[in-house]
Amino acid sequence: MSFERTQEKLKILADAAKYDVSCASSGSKRNNASKGLGDATGMGICHSYTEDGRCVSLLKILLTNYCIFDCAYCVTRKSNDIKRAAFQVQEVVDLTINFYRRNYIEGLFLSSGIFKSADYTMERLVAVAKKLRLEENFNGYIHLKSIPGASDELMKEAGLYADRLSVNIEIPTEEGLKLLAPEKRREDFIKPMVKVKNEIILYKSEKKLIKSTPKFAPGGQSTQMIIGASGESDQQIMWTSNYFYKKFNLKRVYYSGYIPISYDARLPQIGTAVPMLRENRLYQTDWLMRFYGFEVHEILNQEHQNLDLEVDPKLGWALRNLEQFPVDVNKAEKRMLARVPGLGMKSVYKIIEARRFRNLNWEHLQRMGVALNRAKYFLICESRNFERRDLTGPQLKSLILQNSTSKYQKVLSPQLNLFD
């Protein structure tokens with residue numbers, strides 16, 4: 001095939017893949033052996049950052065943008081009048097190896113539209129990973145998007161060659177999926193997740209007995225959902241995330257703000273702003289659930305079904321629960337310190353370690369990197385200087401916002417002006 005045609009395919013299928021955000025550092029550890037190509041140890045993908053600060057990249061493409069489904073929110077839906085293209089298996093293998101040798105990439109993120117059937121498509125995704133591992137001896141990162149409805153046999157084989165697998169649930173609720181993608185069934189998304197979860201559990205148990213047990217999806221599995229296409233509240237979105245984290249042991253749930261691409265009456269119209277700030281607040285909530293010990297119902301409930309866009313969700317929770325503050329930084333347990341606005345987990349651990357040797361004051365906290373512009377209203381320490389504590393939640397919120405800046409300030413201001 002000519003270079004011009006391959007270049008055209010790459011342009012079409014790389015552009016179509018940009019809507020999938022579920023690629024990041026994975027935690028995979030696939031060591032380079034036998035003088036092979038690549039090394040996934042400690043590396044991530046998709047212009048992500050490793051723990052030591054290195055930026056890494058990958059070849060992120062679709063195998064094809066042909067699709068048998070007509071999902072209203074998808075740019076590759078069958079009714080959309082766009083240029084179509086499809087790679088052959090060997091073309092993807094050759095592109096990956098050539099890009100890697102030129103130091104353009106350190107891994108592959110491969111997804112696809114569904115053509116003919118789920119298994120037909122999944123077979124070809126697996127074939128790419130298999131060829132890279134066995135024929136090219138490629139040890140770099142491989143992330144395969146699992147096809148909803150794919151057979152258990154194919155999912156098992158995929159996990160033997162990929163570092164991470166993921167199935168996008170696409171829409172947070174089953175009702176939203178029926179509205180925008182009536183041809184799809186929620187159970188088809190669940191089936192591959194169940195298989196991957198069970199195989200990972202089996203691998204870990206066998207690994208304890210047989211050290212040579214072949215790796216199975218060492219980076220685990222993840223999923224992604226579209227935000228703002230189907231009208232769900234933040235509460236519904238985070239309950240869905242919580243369910244998938246606990247039910248399927250997911251490594252990550254990704255949130256993708258809907259980009260209007262259609263004049264369909266069921267969707268936000270073209271020109272509607274992408275909900276970037278909302279997407280950011282959902283990620284912050286996700287972080288609080290996974291690392292700070294929060295439960296969904298503490299942050300989002302029937303009284304507060306959507307996140308406050310003006311403040312981060314931890315500060316929002318604190319402002320609604322002022323009776324639990326101030327917290328004594330020299331006595332409070334880890335769980336409560338983690339709930340103080342302005343305290344990250346690194347700062348919490350520094351505080352717990354440092355207070356073993358002396359009582360801490362404001363200067364010590366500032367040196368530790370604590371964001372005192374927020375934390376000072378919720379803490380007491382070894383000092384006579386304290387902030388006023390007789391403010392209501394709305395008053396305190398206003399005071400903190402006056403003394404804070406945000407990279408989303410330009411995004412937030414026009415939204416707020418709508419309500420003036």
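Under full-length UniProt numbering, residues 1 to 420 are what the sequence shown spells out, in order. Idealized CB from N, CA, C, for every residue including glycine.
Scan the stretch 316-384 and note each continuous alpha helix (DSSP H) run of 4 residues or more that stays entirely inside, going in chain order. 334-337, 345-354, 362-367 and 372-375
Taking only three categories from DSSP, how would you classify Gly140? coil
What does DSSP give as the partner residue(s) for Lys145 in the beta ladder? Ser166
Do Ala318 and Phe244 have their C-beta atoms closer together than 9 Å? no
Cα separation between Ser48 and Ser57? Since pLDDT at Ser48 reaches only 48, below the 50 mark, its modelled position is unreliable, and no value is offered.
By DSSP, does Tyr263 sit in helix, in strand, or in coil? coil
Measuring alpha carbon to alpha carbon, tell me which residue in Lys9, Ile210 and Val340 is nearest Ala85. Lys9
What number of angstroms, rounded off, separates the C-alpha of Met289 from the C-alpha of Val340? 15 Å
Just to confirm my understanding: we take Asp286, look at its own chain, exclude 5 residues before and 5 after, and list those with CB closer than 8 Å. What are they? Met238, Ser241, Val253 and Tyr255
Between Cys381 and Trp362, what straight-line distance do the alpha-carbon atoms span, to the nearest angstrom? 7 Å
Quick one: what does DSSP say Gln395 is sitting in, helix, strand or coil? helix
Cβ neighbour criterion (16 or more within 10 Å) applied to Glu199: buried
Locate the alpha helix (DSSP H) running through Arg124, then write down its first and last residues. Ala118 to Lys130
The alpha helix (DSSP H) with Val194 in it runs from where to where? Arg186 to Leu209
Proximal residues to Ile114 (C-beta, below 7 Å), its chain only, five neighbours per side dropped: Cys67, Ile68, Phe69, Thr121 and Ile147
C-beta contact flag for residue 429 and Ser2 at 9 Å: Past the edges of the chain, shown from 1 to 420, lies residue 429, and the structure says nothing about it.
What first and last residue would you give for the alpha helix (DSSP H) that runs through Ile82? Neither: Ile82 is in no alpha helix (DSSP H) and is coded neither H nor E.
Distance, Cα to Cα, Met350 vs Met368? Note on residue identity: the sequence assigns Lys, not Met, to residue 350. When rounded, the distance between both Cα atoms is 7 Å.
Lys178 - containing alpha helix (DSSP H), residue span: Glu174 to Leu180
Under a Cβ-count criterion, where at least 16 other Cβ atoms within 10 Å of its own Cβ denotes burial, should Lys247 be classed as buried or exposed? exposed
Arg281 versus Val311 - alpha carbon distance: 9 Å
Taking the beta strand (DSSP E) that Ile227 belongs to, which residues open and close that run? Gln221 to Ile227
Any idea what DSSP makes of Lys9, helix, strand or coil? helix
Please classify Asp39: does DSSP put it in a helix, a strand, or coil? Low confidence applies here, because Asp39 scores a pLDDT of 47, under 50, leaving its location unreliable; read the following figure in that light. Of the three classes helix, strand and coil, the one that applies to Asp39 here is coil, per DSSP.
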